[in-house]
Structure formats: structure tokens, C-alpha cells
Amino acid sequence: MDFVNNGEVSGVTLLNSKFFHMNMYQCKDMLIKDVTVTAPGDSPNTDGIHMGDTSGITITNTVIGVGDDCISIGPGTSKVNITGVTCGPGHGIFIDMMYCPNKLCTANGASKVTVKDVTFKNITGTSSTPEAISLLCTAKIQCTGVTMDDVNVEYSGTNNKTMDICTNTKGCTKGCLKELACF
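The sequence shown begins at 676 in the numbering used here and counts up one residue at a time.
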């Protein structure tokens, strides 16, 4: 969807798409609700919902199981509300300051994406890797105003050692697993 304002997508199933199942570019005030997105867990680069240069997006009561990112939030995106979304398999909700699709990006440095005033609230589940949460921000443009409220995601592996990886991130935690207290 490109250049859609005040739109709604509801009650649809997106099945086995290549690359992005749903892509929003320069959209404003969109409601995505009661959507199911499905692809095999081992399918490469199959994001569920991707958005870029987009504002005022609400995603609610949606189930996304894909081989890559459940929801990916690209540059120029603001005012996103994600509520009642079930992710998995896949990488969950992804905001990436360090994205490098071709492994040749180190010379150019990280992107100029600013992540601020983000709240992760009432999140429960399991992670297929010990790193249940990764907040990897750059030293030049730190992630600020991050709140983690009642986040309880545990590693489902045999050693049951859950951890977070947080760099250059400032914020606060409330009611989270102690292993997931980034700040």
C-alpha cells in the first residue's frame, strides 16, 4: 500500500508471500486489525508487516507467523501503536538502526533512525534464542525514553538462561524479569 490515508485493512489472511506480506509506504492514519499473516518459519526474508515513511499506524488483534520479522519499522515512521499482536515464528517487532542487507555497510556506518519514546507493555512469551530482547542502538543516536513494563519473555531452550542485549539505550523497567532489565 503506497500513499494511503485514513485506510483500514481487516479480516484478511495473507499466506506465503515472498518478501513483505504487507508493505506500507507513505501511509497515514491506517488501522490494521484482525489480520492473519502466515509463512513457513524457515522461509527467508518474509516479513509480516513492514512500514516506512509512515505515520499514525495501529495494528491490533493480529496473528503473524513468518520466517523473518513479524513487524518491521523502517526509516521515517512515527506514531505506531501495536496492541494484541501474536508473533511467532519469526523475529518479533523489529526497529533496526544497524540494518545491513548486503554486509557492506560498515564503511557507511549505522542508519540515522531515531528511536524514542517507545513502550513495550504486557509482553509475554518464549524466545527460541537466549537473547529474548535486543535493543541495539548507536552511540551517536541513542535510543531514549524506552519503557519496558511487565515484559516477561523466557528462552525456551534447555539451559533456560534468558538474557537481554541492550546498547546505548536509556529508559526504565517495571515488573519485568530481572534478566530483561536493560537499564
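A virtual CB, placed ideally from N, CA and C, is assigned to each residue, including glycine.
Asked: Please report the distance separating the alpha-carbon of residue 723 from that of residue 698.; Found: 9 Å
Asked: Across the region 800-818 and the region 745-760, are there enough close Cβ pairs to call them in contact, namely three or more that are closer than 8 Å?; Found: no
Asked: Would you list the one or two residues that DSSP bridges to residue 703?; Found: 680, 730
Asked: From the DSSP secondary-structure annotation, give me the bridge partner or partners of residue 847.; Found: 822
Asked: What distance in whole Å lies between the Cβ atoms of residue 824 and residue 850, which are believed to be in contact at a cut-off of 8 Å?; Found: 6 Å
Asked: At what residues does the beta strand (DSSP E) containing residue 675 begin and finish?; Found: Because the chain in this structure spans residues 676 to 858, residue 675 falls outside the shown range and cannot be described.
Asked: What whole-angstrom Cβ distance do residue 743 and residue 765 have, given they're in contact under 8 Å?; Found: 6 Å
Asked: With distances taken from CA atoms, which of 843, 684, 730, 732 is nearest residue 709?; Found: 684
Asked: Among the residues of its own chain, which have a CB less than 6 Å from the CB of residue 795, if the five just before and after it don't count?; Found: 823, 826
Asked: Can you tell me the Cα-Cα spacing of residue 686 and residue 711, whole angstroms?; Found: 8 Å
Asked: What does DSSP give as the partner residue(s) for residue 740 in the beta ladder?; Found: 713
Asked: So, with DSSP's three-state summary, where would you put residue 855?; Found: helix
Asked: I'd like the span of the beta strand (DSSP E) that includes residue 839, first residue to last.; Found: 838-842
Asked: Helix, strand or coil for residue 725 per DSSP?; Found: strand
Asked: Expressed to the nearest angstrom, what Euclidean distance is found between the alpha-carbon atoms of residue 700 and residue 737?; Found: 20 Å
Asked: Might you give, ordered along the chain, the residues of its own chain that have their beta carbon closer than 8 Å to the beta carbon of residue 741, omitting 5 neighbours on each side?; Found: 696, 712, 713, 714, 716, 718, 721, 722, 723, 764, 765
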